[in-house]
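Visitor:
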Amino acid sequence: MAVQNLDLNDGNTIPQLGFGVFKVDPAETERIVTDALQAGYRHIDTAAIYGNEEGVGRAIAASGIDRSELFITTKLWNDRRGRTETRRAIDESLQKLGLDYVDLFLIHWPAPSGDPIRETWETFADLRNEGLTRSIGVSNFDERFLPSILETGIIPVVNQIELHPQFQQRATQELCAEHNIKIEAWGPLGQGKVDFTSGPVGAVAERHGVTWAQAIIAWHLAQGRIVFPKSNSAERMAENFAAHEVTLTAEDLADIDALDKGTEGRVSADPATVD
Numbered sequence: 340m341a342v343q344n345l346d347l348n349d350g351n352t353i354p355q356l357g358f359g360v361f362k363v364d365p366a367e368t369e370r371i372v373t374d375a376l377q378a379g380y381r382h383i384d385t386a387a388i389y390g391n392e393e394g395v396g397r398a399i400a401a402s403g404i405d406r407s408e409l410f411i412t413t414k415l416w417n418d419r420r421g422r423t424e425t426r427r428a429i430d431e432s433l434q435k436l437g438l439d440y441v442d443l444f445l446i447h448w449p450a451p452s453g454d455p456i457r458e459t460w461e462t463f464a465d466l467r468n469e470g471l472t473r474s475i476g477v478s479n480f481d482e483r484f485l486p487s488i489l490e491t492g493i494i495p496v497v498n499q500i501e502l503h504p505q506f507q508q509r510a511t512q513e514l515c516a517e518h519n520i521k522i523e524a525w526g527p528l529g530q531g532k533v534d535f536t537s538g539p540v541g542a543v544a545e546r547h548g549v550t551w552a553q554a555i556i557a558w559h560l561a562q563g564r565i566v567f568p569k570s571n572s573a574e575r576m577a578e579n580f581a582a583h584e585v586t587l588t589a590e591d592l593a594d595i596d597a598l599d600k601g602t603e604g605r606v607s608a609d610p611a612t613v614d
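Offset between the sequence shown (1-based) and this note's numbering: plus 339.
Written as structure tokens, this is what we have:
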């Protein structure tokens, strides 16, 4: 069974299950992304601030996989805003990745104390129209910050936010659904800061004969979210990839849904404080 592609609001599609390289050592990135591609992943999510775009690019170049079969995302860091810096930033990312275009370019954080976002977001639309990125979106724009993007009339295709069973950001999910914006869940397994091995997740995993991580990934996929777990282990990558073949019941989904703790469940930074 192939990984499902989801339709984006600009007419493009995106593989629902991908591979993330957040905190992947730049020296190890080429090997790790190579393992991910060999495991079947075709959607790779990186960012300028991760410092590993070059490694992603080397793995892509060595893979022999046709560019049209890959979906590559990178992100604009907070200190590169404004028309000129945004253009320089994507040029730098493309050079490091060894690509003519990325499939998705994201504003990494709202950074509310930084430069106003409108000019940067309008420049994103220009970059899309020029073919430097096929689609544009945002990351970490929860219900407090997404309206500043929506009021421009340029609707992002995705919003990449922290989302896992303990922190489900329901208000942001609802706002995105109203505008046909797909949710990408980063930290989909809780970044190793939450024990999901027992309790409802463990019970769901046991019922289906899968790992707790596979159960959570299957939960995300069943609810239409895009997810890209990371791992340095080729064996774990393959396990996570196999989660797209797991079918959960409505009861399973409800049991995991019930784990939401609202903002108390957040395990990473609050977008209001990241500059």
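All C-beta atoms, glycine included, are put in the ideal place defined by N, C-alpha and C.
1. Taking C-beta to C-beta, are residue 556 and residue 579 nearer than 8 angstroms?
2. From residue 423 to residue 355, what distance separates their C-alpha atoms?
3. Look up residue 498 in the DSSP assignment and give the residues it is bridged to.
4. Using only the alpha-carbon positions, how far apart do residue 575 and residue 364 sit?
5. Classify residue 404 as helix, strand or coil using the three-state DSSP reduction.
6. Label residue 418 either buried or exposed according to how many other C-beta atoms from any shown protein chain fall within 10 Å of its C-beta, with 16 as the threshold for buried.
7. Can you check the stretch 408-467 for any alpha helix (DSSP H) of at least 4 residues that lies completely inside it and give the ranges in chain order?
8. With hydrogens ignored, establish whether the beta-carbon of residue 401 is closer than 7 angstroms to any heavy atom of the ligand NAP.
9. Please state whether DSSP places residue 359 in a helix, a strand or coil.
10. Using a Cβ-Cβ cut-off of 7 angstroms (strictly less than) and excluding sequence neighbours within five positions of residue 448, which residues of its own chain qualify?
11. How big is the Cα-Cα spacing for residue 460 and residue 428?
12. Please state the DSSP three-state secondary structure of residue 549.
13. When DSSP labels each residue in this structure, what does residue 539 get in the three-state scheme?
14. Less than 8 angstroms between the CB atoms is what I'm expecting for residue 451 and residue 484, so what's the real figure, rounded?
15. On the DSSP bridge assignment, give the partners of residue 384 in chain order.
16. Kindly confirm or deny that the stretch 545-554 and the stretch 366-386 touch, where touching means at least three C-beta pairs closer than 8 angstroms.
17. Since residue 354 is in the alpha helix (DSSP H), which residue starts that stretch and which ends it?
18. Which residues in the same chain have their Cβ closer than 6 angstroms to the Cβ of residue 463, if we skip the five residues on either side of it in sequence?
Guide: Per the coordinate set shown:
1. yes
2. 32 angstroms
3. 477, 522
4. Distance between the alpha carbons of residue 575 and residue 364 is about 17 angstroms.
5. coil
6. For residue 418, the number of other beta carbons within 10 angstroms of its own is below 16, and it is reported as exposed.
7. 422-436
8. As for the ligand NAP, it is missing from this structure, which has no ligand bound.
9. strand
10. 417, 478, 479, 610, 613
11. 14 angstroms
12. If DSSP states are grouped into helix, strand and coil, residue 549 belongs with coil.
13. helix
14. 7 angstroms
15. 359, 412
16. no
17. First-last for residue 354: 352-354, but that is the beta strand (DSSP E), not the alpha helix (DSSP H).
18. 475
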